[in-house]
Amino acid sequence: MAARFSSPRAATLLLVAALCLGSAAAFAPLFSTGNPDGRIAVATRPDGVNGKFEIEAGDDFLAKAGQSVSKVTFTGLLPSGFSLASAQDSVVQLELYRVFSRDSDVSRCQDADPHTVCPTENVVTRANSPSDEAAPEFDRSTEDGTLFCEVFGANPSDNFNFLDNSVVDFYSANSVLPGGIHKKTELPTGGNGGVTGPVVTFVCDFAANHPWTFSADEHFFFVPKIALPLGTDNADRGDFLWLSAPKPLTNGFAFSPDLQSWTRDFTIDPDWVRIGTDVVGGSPAPTFNQVFALYPTGTPGPKFLAQGDFCAAGNPCFNAVGTRQVCCPGSCAPGTPPAGIPTCEGGASPVFP
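In mature numbering (1 follows the signal peptide of the UniProt record, and there is no 0), the protein residues as written are -26 to -1, 1 to 327.
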(Lines of atoms letter the chains of each structure in order from A and count residues from 1; the text may use other names and numbers.)
(Lines give C-alpha, C1' and ligand atoms only; values in the text may rest on other atoms or scores of the structure.)
Protein backbone atom coordinates (compact mmCIF):
# COMPACT_ATOMS: atom_id res chain seq x y z
CA MET A 1 0.00 0.00 0.00
CA ALA A 2 1.29 3.44 -0.85
CA ALA A 3 2.26 5.59 2.12
CA ARG A 4 -0.26 8.22 3.15
CA PHE A 5 0.72 11.71 4.22
CA SER A 6 -1.26 14.35 6.04
CA SER A 7 0.21 17.09 3.88
CA PRO A 8 2.40 17.60 0.81
CA ARG A 9 5.03 19.01 3.14
CA ALA A 10 5.28 15.72 5.03
CA ALA A 11 5.91 13.84 1.81
CA THR A 12 8.49 16.39 0.75
CA LEU A 13 10.34 16.16 4.03
CA LEU A 14 10.53 12.37 3.77
CA LEU A 15 12.02 12.70 0.30
CA VAL A 16 14.39 15.42 1.42
CA ALA A 17 15.60 13.31 4.32
CA ALA A 18 16.43 10.55 1.87
CA LEU A 19 18.27 13.01 -0.37
CA CYS A 20 20.31 14.36 2.52
CA LEU A 21 21.10 11.03 4.13
CA GLY A 22 21.62 9.08 0.92
CA SER A 23 19.39 6.34 2.33
CA ALA A 24 18.17 5.17 -1.07
CA ALA A 25 20.42 4.44 -4.01
CA ALA A 26 17.85 5.92 -6.39
CA PHE A 27 18.28 9.28 -4.65
CA ALA A 28 22.10 9.34 -4.93
CA PRO A 29 23.40 12.49 -6.64
CA LEU A 30 25.38 12.41 -9.84
CA PHE A 31 27.56 15.10 -8.30
CA SER A 32 27.73 16.99 -5.02
CA THR A 33 30.15 19.42 -3.40
CA GLY A 34 28.98 18.49 0.10
CA ASN A 35 27.93 20.72 2.99
CA PRO A 36 28.74 24.39 3.69
CA ASP A 37 32.13 25.06 5.26
CA GLY A 38 31.34 28.57 6.54
CA ARG A 39 34.21 30.31 4.75
CA ILE A 40 32.37 32.61 2.32
CA ALA A 41 28.87 33.52 1.08
CA VAL A 42 28.38 35.24 -2.28
CA ALA A 43 25.49 37.12 -3.83
CA THR A 44 24.00 35.73 -7.03
CA ARG A 45 20.79 37.13 -8.52
CA PRO A 46 19.06 37.60 -11.91
CA ASP A 47 19.05 40.75 -13.97
CA GLY A 48 16.28 43.30 -13.56
CA VAL A 49 14.07 41.45 -11.07
CA ASN A 50 12.86 43.96 -8.45
CA GLY A 51 14.96 46.58 -10.23
CA LYS A 52 18.29 45.05 -9.23
CA PHE A 53 21.38 44.57 -11.38
CA GLU A 54 22.59 41.07 -12.16
CA ILE A 55 25.24 39.30 -10.10
CA GLU A 56 26.45 35.86 -11.16
CA ALA A 57 28.48 33.29 -9.24
CA GLY A 58 29.48 29.90 -10.59
CA ASP A 59 31.22 26.68 -9.60
CA ASP A 60 32.26 23.85 -11.90
CA PHE A 61 31.52 20.17 -12.44
CA LEU A 62 32.26 17.53 -15.07
CA ALA A 63 29.25 16.27 -17.04
CA LYS A 64 29.38 12.78 -18.53
CA ALA A 65 27.93 11.77 -21.90
CA GLY A 66 24.49 10.23 -21.44
CA GLN A 67 23.79 11.79 -18.06
CA SER A 68 20.40 13.42 -17.56
CA VAL A 69 19.75 15.80 -14.66
CA SER A 70 16.24 16.72 -13.52
CA LYS A 71 16.86 17.97 -9.97
CA VAL A 72 19.38 20.35 -8.43
CA THR A 73 19.92 21.60 -4.90
CA PHE A 74 21.99 24.52 -3.62
CA THR A 75 22.46 26.03 -0.17
CA GLY A 76 22.91 29.55 1.11
CA LEU A 77 21.80 32.29 3.48
CA LEU A 78 18.64 34.35 3.56
CA PRO A 79 18.79 37.89 4.98
CA SER A 80 18.46 38.04 8.75
CA GLY A 81 14.80 37.77 9.73
CA PHE A 82 13.65 36.65 6.27
CA SER A 83 10.92 34.02 6.59
CA LEU A 84 10.96 30.59 5.01
CA ALA A 85 7.41 31.15 3.75
CA SER A 86 8.45 34.31 1.89
CA ALA A 87 11.41 32.52 0.30
CA GLN A 88 9.00 30.12 -1.45
CA ASP A 89 8.04 33.00 -3.78
CA SER A 90 11.60 33.54 -5.02
CA VAL A 91 12.44 33.78 -8.71
CA VAL A 92 15.11 31.19 -9.55
CA GLN A 93 17.13 31.00 -12.75
CA LEU A 94 19.67 28.24 -13.47
CA GLU A 95 22.33 28.47 -16.16
CA LEU A 96 25.33 26.47 -17.32
CA TYR A 97 28.47 28.09 -18.70
CA ARG A 98 31.23 26.28 -20.53
CA VAL A 99 34.86 26.98 -19.66
CA PHE A 100 36.58 29.91 -21.37
CA SER A 101 37.46 30.22 -24.27
CA ARG A 102 34.26 28.47 -25.38
CA ASP A 103 31.32 30.80 -26.16
CA SER A 104 33.61 33.82 -25.70
CA ASP A 105 35.16 36.75 -27.57
CA VAL A 106 38.86 35.91 -27.44
CA SER A 107 39.77 39.10 -29.32
CA ARG A 108 39.49 40.90 -25.98
CA CYS A 109 42.54 39.05 -24.64
CA GLN A 110 45.56 41.30 -24.22
CA ASP A 111 48.08 38.55 -24.86
CA ALA A 112 48.84 36.56 -27.98
CA ASP A 113 47.33 33.26 -26.86
CA PRO A 114 43.75 33.31 -25.49
CA HIS A 115 44.24 29.78 -24.18
CA THR A 116 46.88 30.82 -21.63
CA VAL A 117 46.40 33.76 -19.26
CA CYS A 118 44.18 36.09 -21.31
CA PRO A 119 44.21 39.30 -19.28
CA THR A 120 41.63 41.88 -20.34
CA GLU A 121 41.04 45.51 -19.49
CA ASN A 122 38.95 44.34 -16.52
CA VAL A 123 40.64 41.23 -15.08
CA VAL A 124 44.09 39.71 -14.66
CA THR A 125 43.08 36.42 -16.31
CA ARG A 126 40.24 34.58 -18.01
CA ALA A 127 42.01 31.22 -17.85
CA ASN A 128 39.68 28.58 -16.36
CA SER A 129 36.83 31.07 -15.95
CA PRO A 130 33.25 30.61 -17.11
CA SER A 131 32.68 31.66 -20.71
CA ASP A 132 31.33 35.05 -21.76
CA GLU A 133 27.90 33.63 -22.58
CA ALA A 134 25.80 30.89 -21.01
CA ALA A 135 24.85 27.81 -23.04
CA PRO A 136 21.21 28.77 -23.79
CA GLU A 137 19.97 25.20 -24.20
CA PHE A 138 20.45 24.71 -20.45
CA ASP A 139 18.58 27.82 -19.23
CA ARG A 140 15.84 26.94 -16.72
CA SER A 141 13.62 29.36 -14.80
CA THR A 142 10.68 29.44 -12.44
CA GLU A 143 9.36 32.32 -14.55
CA ASP A 144 8.86 30.28 -17.74
CA GLY A 145 7.61 27.05 -16.16
CA THR A 146 10.74 24.99 -16.85
CA LEU A 147 11.70 24.92 -13.15
CA PHE A 148 9.87 24.40 -9.85
CA CYS A 149 11.59 25.07 -6.52
CA GLU A 150 10.89 24.63 -2.83
CA VAL A 151 12.99 26.07 0.00
CA PHE A 152 13.85 24.24 3.23
CA GLY A 153 15.61 25.26 6.40
CA ALA A 154 18.82 23.31 7.01
CA ASN A 155 20.21 22.32 10.40
CA PRO A 156 23.98 22.97 10.75
CA SER A 157 24.12 20.87 13.93
CA ASP A 158 22.59 17.86 12.15
CA ASN A 159 24.67 17.52 8.97
CA PHE A 160 22.50 20.22 7.32
CA ASN A 161 19.51 17.89 7.20
CA PHE A 162 16.25 19.65 6.52
CA LEU A 163 13.95 21.17 9.12
CA ASP A 164 10.15 21.16 9.10
CA ASN A 165 8.93 24.74 8.62
CA SER A 166 11.76 26.36 10.56
CA VAL A 167 15.20 27.89 10.01
CA VAL A 168 18.47 28.14 11.93
CA ASP A 169 21.02 30.93 11.62
CA PHE A 170 24.47 30.14 10.21
CA TYR A 171 27.61 32.27 10.18
CA SER A 172 29.89 32.71 7.19
CA ALA A 173 33.31 34.19 7.94
CA ASN A 174 33.42 36.27 4.75
CA SER A 175 31.19 37.40 1.91
CA VAL A 176 31.00 39.06 -1.49
CA LEU A 177 27.97 41.34 -1.40
CA PRO A 178 26.37 43.57 -4.06
CA GLY A 179 28.93 46.23 -4.91
CA GLY A 180 31.79 43.96 -3.88
CA ILE A 181 33.02 43.12 -7.41
CA HIS A 182 35.58 45.42 -9.01
CA LYS A 183 38.03 45.71 -11.88
CA LYS A 184 41.56 44.42 -11.41
CA THR A 185 42.97 47.81 -10.40
CA GLU A 186 40.72 47.79 -7.31
CA LEU A 187 41.33 44.18 -6.25
CA PRO A 188 41.79 42.42 -3.92
CA THR A 189 39.37 43.87 -1.41
CA GLY A 190 39.56 41.12 1.19
CA GLY A 191 35.82 40.54 0.80
CA ASN A 192 32.91 42.21 2.56
CA GLY A 193 33.29 40.47 5.91
CA GLY A 194 31.30 38.01 7.98
CA VAL A 195 27.54 37.54 7.60
CA THR A 196 24.85 35.65 9.51
CA GLY A 197 21.43 34.55 8.30
CA PRO A 198 18.99 31.66 8.08
CA VAL A 199 20.60 28.78 6.16
CA VAL A 200 18.33 27.21 3.55
CA THR A 201 18.50 24.75 0.68
CA PHE A 202 16.65 25.26 -2.59
CA VAL A 203 15.34 21.99 -4.06
CA CYS A 204 14.57 22.58 -7.74
CA ASP A 205 12.95 20.15 -10.18
CA PHE A 206 12.97 20.59 -13.95
CA ALA A 207 9.75 20.37 -15.91
CA ALA A 208 9.15 17.14 -17.81
CA ASN A 209 10.90 17.15 -21.18
CA HIS A 210 13.30 19.82 -19.87
CA PRO A 211 16.12 17.90 -18.14
CA TRP A 212 19.75 18.77 -18.62
CA THR A 213 20.87 15.99 -20.97
CA PHE A 214 24.55 15.83 -21.84
CA SER A 215 25.56 14.40 -25.21
CA ALA A 216 29.31 14.48 -24.49
CA ASP A 217 31.76 14.66 -21.62
CA GLU A 218 32.06 18.35 -20.88
CA HIS A 219 33.21 20.81 -18.21
CA PHE A 220 30.56 23.31 -17.03
CA PHE A 221 30.04 26.00 -14.44
CA PHE A 222 26.73 25.83 -12.55
CA VAL A 223 25.26 29.31 -12.01
CA PRO A 224 22.10 29.68 -9.89
CA LYS A 225 20.50 33.11 -9.60
CA ILE A 226 17.88 33.90 -6.98
CA ALA A 227 15.65 36.96 -6.57
CA LEU A 228 14.00 37.07 -3.17
CA PRO A 229 10.53 38.65 -3.09
CA LEU A 230 9.97 42.19 -1.88
CA GLY A 231 8.15 42.88 1.36
CA THR A 232 4.45 43.65 1.56
CA ASP A 233 5.38 47.34 1.37
CA ASN A 234 7.49 46.62 -1.75
CA ALA A 235 10.64 47.25 0.26
CA ASP A 236 13.86 45.43 -0.62
CA ARG A 237 14.71 42.87 2.06
CA GLY A 238 18.13 41.80 0.85
CA ASP A 239 19.70 39.03 -1.20
CA PHE A 240 20.34 35.30 -1.12
CA LEU A 241 24.01 34.47 -0.49
CA TRP A 242 25.38 31.19 -1.88
CA LEU A 243 27.58 29.36 0.64
CA SER A 244 31.00 27.86 -0.03
CA ALA A 245 31.90 24.18 0.16
CA PRO A 246 35.25 22.53 0.95
CA LYS A 247 38.03 22.77 -1.61
CA PRO A 248 39.40 20.24 -2.32
CA LEU A 249 36.24 18.16 -2.18
CA THR A 250 36.25 15.58 0.60
CA ASN A 251 32.91 13.82 0.03
CA GLY A 252 33.84 11.26 -2.62
CA PHE A 253 33.08 13.47 -5.64
CA ALA A 254 36.58 14.88 -6.18
CA PHE A 255 37.52 15.45 -9.82
CA SER A 256 40.29 17.10 -11.79
CA PRO A 257 40.62 19.87 -12.61
CA ASP A 258 38.35 21.18 -9.85
CA LEU A 259 38.33 24.90 -10.63
CA GLN A 260 37.62 27.55 -8.03
CA SER A 261 34.38 29.54 -8.00
CA TRP A 262 34.08 32.79 -9.95
CA THR A 263 31.76 35.81 -9.93
CA ARG A 264 30.87 38.89 -11.98
CA ASP A 265 28.49 41.83 -12.29
CA PHE A 266 28.00 44.68 -14.77
CA THR A 267 31.27 46.37 -13.76
CA ILE A 268 33.36 43.65 -15.44
CA ASP A 269 30.88 41.79 -17.71
CA PRO A 270 31.65 39.77 -19.89
CA ASP A 271 34.68 38.97 -17.72
CA TRP A 272 34.74 37.07 -14.43
CA VAL A 273 36.93 37.25 -11.31
CA ARG A 274 38.01 34.46 -8.98
CA ILE A 275 36.23 34.80 -5.65
CA GLY A 276 39.25 33.62 -3.69
CA THR A 277 42.33 34.61 -5.65
CA ASP A 278 41.11 37.93 -7.08
CA VAL A 279 38.44 39.29 -4.71
CA VAL A 280 39.60 38.06 -1.31
CA GLY A 281 43.30 37.85 -2.14
CA GLY A 282 46.10 37.18 0.31
CA SER A 283 49.25 35.10 0.30
CA PRO A 284 48.30 32.40 -0.14
CA ALA A 285 44.83 33.35 -1.34
CA PRO A 286 41.95 31.04 -0.43
CA THR A 287 40.04 29.10 -3.08
CA PHE A 288 36.40 28.06 -2.85
CA ASN A 289 33.82 25.65 -4.14
CA GLN A 290 30.09 26.40 -3.68
CA VAL A 291 27.38 24.13 -2.26
CA PHE A 292 25.29 22.36 -4.92
CA ALA A 293 24.25 18.89 -6.04
CA LEU A 294 22.89 17.39 -9.28
CA TYR A 295 20.43 14.47 -9.29
CA PRO A 296 19.58 12.10 -12.15
CA THR A 297 16.33 12.12 -14.05
CA GLY A 298 13.92 9.82 -12.25
CA THR A 299 14.75 11.06 -8.76
CA PRO A 300 11.40 11.75 -7.07
CA GLY A 301 10.61 15.38 -6.60
CA PRO A 302 8.64 17.11 -3.90
CA LYS A 303 5.03 15.88 -3.95
CA PHE A 304 6.03 12.92 -6.16
CA LEU A 305 7.38 10.51 -3.57
CA ALA A 306 4.38 8.19 -3.70
CA GLN A 307 0.95 8.16 -5.29
CA GLY A 308 -0.73 8.35 -1.89
CA ASP A 309 -3.41 10.71 -0.69
CA PHE A 310 -1.80 14.13 -0.63
CA CYS A 311 -5.12 15.58 -1.81
CA ALA A 312 -7.88 16.61 0.56
CA ALA A 313 -10.38 14.98 -1.79
CA GLY A 314 -10.27 13.07 -5.04
CA ASN A 315 -7.60 10.96 -6.65
CA PRO A 316 -4.10 12.26 -7.35
CA CYS A 317 -2.63 12.41 -10.82
CA PHE A 318 0.47 14.07 -12.20
CA ASN A 319 0.95 16.71 -14.85
CA ALA A 320 3.62 17.02 -17.54
CA VAL A 321 5.96 18.63 -15.05
CA GLY A 322 6.22 15.26 -13.34
CA THR A 323 6.93 16.66 -9.90
CA ARG A 324 3.85 18.78 -9.29
CA GLN A 325 0.81 16.99 -8.01
CA VAL A 326 -2.64 17.69 -9.42
CA CYS A 327 -5.81 17.02 -7.46
CA CYS A 328 -9.23 16.59 -9.00
CA PRO A 329 -12.41 17.23 -7.02
CA GLY A 330 -13.75 13.88 -8.18
CA SER A 331 -11.51 11.62 -10.24
CA CYS A 332 -8.77 12.21 -12.75
CA ALA A 333 -9.55 11.27 -16.30
CA PRO A 334 -8.16 7.84 -17.32
CA GLY A 335 -4.52 7.54 -18.25
CA THR A 336 -2.52 8.58 -15.21
CA PRO A 337 0.12 9.89 -15.63
CA PRO A 338 -1.09 11.61 -18.79
CA ALA A 339 1.09 12.95 -21.57
CA GLY A 340 0.03 16.51 -20.86
CA ILE A 341 -1.82 18.48 -18.23
CA PRO A 342 -4.35 16.04 -16.75
CA THR A 343 -8.05 16.57 -17.04
CA CYS A 344 -10.63 15.74 -14.43
CA GLU A 345 -13.68 13.65 -15.09
CA GLY A 346 -16.78 15.73 -15.63
CA GLY A 347 -14.75 18.69 -16.88
CA ALA A 348 -13.79 19.94 -13.41
CA SER A 349 -10.67 22.05 -13.09
CA PRO A 350 -7.55 20.43 -11.58
CA VAL A 351 -5.95 21.96 -8.51
CA PHE A 352 -2.19 22.33 -7.95
CA PRO A 353 -1.55 21.98 -4.20
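Glycine included, every Cβ here is placed at the ideal spot set by N, Cα and C.
Residues near residue 244 in its chain [Cβ-Cβ closer than 6 Å; skip 5 each side]: A distance below 6 Å between beta-carbons, with the five flanking residues on each side excluded, links residue 244 to the following residues of its chain, in chain order: 106.
When you compare the CB positions of residue 261 and residue 272, do they come within less than 8 Å of one another, or not? Not closer than 8 Å, so no.
What did DSSP end up calling residue 223 once you bin it into helix, strand or coil? Shown here, residue 223 sits in coil according to DSSP, grouped into three states, outside any helix or strand.
The alpha helix (DSSP H) with residue 328 in it runs from where to where? Because the chain is modelled from -26 through 327, residue 328 falls outside the range shown and cannot be assessed.
Cα-Cα separation, residue 19 to residue 2: Between residue 19 and residue 2, the C-alpha separation is close to 28 Å.
In the DSSP output, what is residue 174 paired with across the bridge? Answer by DSSP bridge pairing, in chain order: 50 and 127.
Cβ shell of residue 83 (< 6 Å), same chain only, five flanking positions each side left out: Correct list, in chain order: 92.
DSSP on residue 97, reduced to helix/strand/coil? When secondary structure is reduced to three states using DSSP, residue 97 falls in the coil class, being assigned neither helix nor strand.
Use the C-beta contact count for residue 7: other C-beta atoms within 10 angstroms, 16 or more gives buried, fewer gives exposed. Buried, since its Cβ has 16 or more Cβ neighbours within 10 Å.
Cβ-Cβ distance between residue 35 and residue 194 below 8 Å: Here residue 35 is near residue 194, since their CB atoms are less than 8 Å apart.
For residue 136 and residue 237, I'd like the C-alpha separation in whole angstroms. In this structure, the straight-line span from the alpha carbon of residue 136 to that of residue 237 is close to 28 Å.
Between residue 15 and residue 217, is the Cβ-Cβ spacing less than 8 Å? Going by C-beta atoms, residue 15 is nearer than 8 Å to residue 217.
Using a 10 Å radius around the Cβ and a threshold of 16 neighbouring Cβ atoms, would you call residue 99 buried or exposed? If you draw a 10 Å sphere on the C-beta of residue 99, you find 16 or more other C-beta atoms in it, and that means buried.
From the DSSP output, which residues share a beta bridge with residue 239? Partner(s): 29.
DSSP beta-bridge partners for residue 249? For residue 249, DSSP records no beta bridge to any residue.
Just how far apart, CA to CA, sit residue 102 and residue 200? Cα-Cα distance, rounded: 24 Å.
Please name the residue, chosen from 131, 185, 180 and 191, that lies closest to residue 173 on a Cα-to-Cα basis. For the set 131, 185, 180 and 191, the Cα lying nearest the Cα of residue 173 is the one of 131.
How big is the Cα-Cα spacing for residue 11 and residue 22? Distance between the alpha carbons of residue 11 and residue 22: 31 Å.
Nearest residue (CA-CA) to residue 74, options 67, 32 and 112: Considering only 67, 32 and 112, the residue with the shortest C-alpha distance to residue 74 is 32.
Between the Cα of residue 65 and the Cα atoms of 121, 104, 53 and 181, which residue gives the shortest distance? Measuring from the Cα of residue 65, the nearest candidate turns out to be 121.
If we count the other Cβ atoms within 10 Å of its Cβ and call it buried at 16 or more, is residue 224 buried or exposed? Flag for residue 224 reads exposed.
Between which residues of its own chain and residue 210 is the CB-CB distance below 7 Å, once the five residues before and five after are set aside? By the criterion of a C-beta distance shorter than 7 Å, residue 210 is surrounded in its chain by 24 and 204, once the five residues flanking it on both sides are discounted.
Minimum C-alpha distance to residue 331 - residue among 29, 189, 157 and 165: There is simply no residue 331 to check, as the chain begins at -26 and stops at 327 in what is shown.
Can you give the Cα-Cα distance for residue 127 and residue 150, rounded to whole angstroms? Rounded to the nearest whole angstrom, the CA to CA distance from residue 127 to residue 150 is 22 Å.
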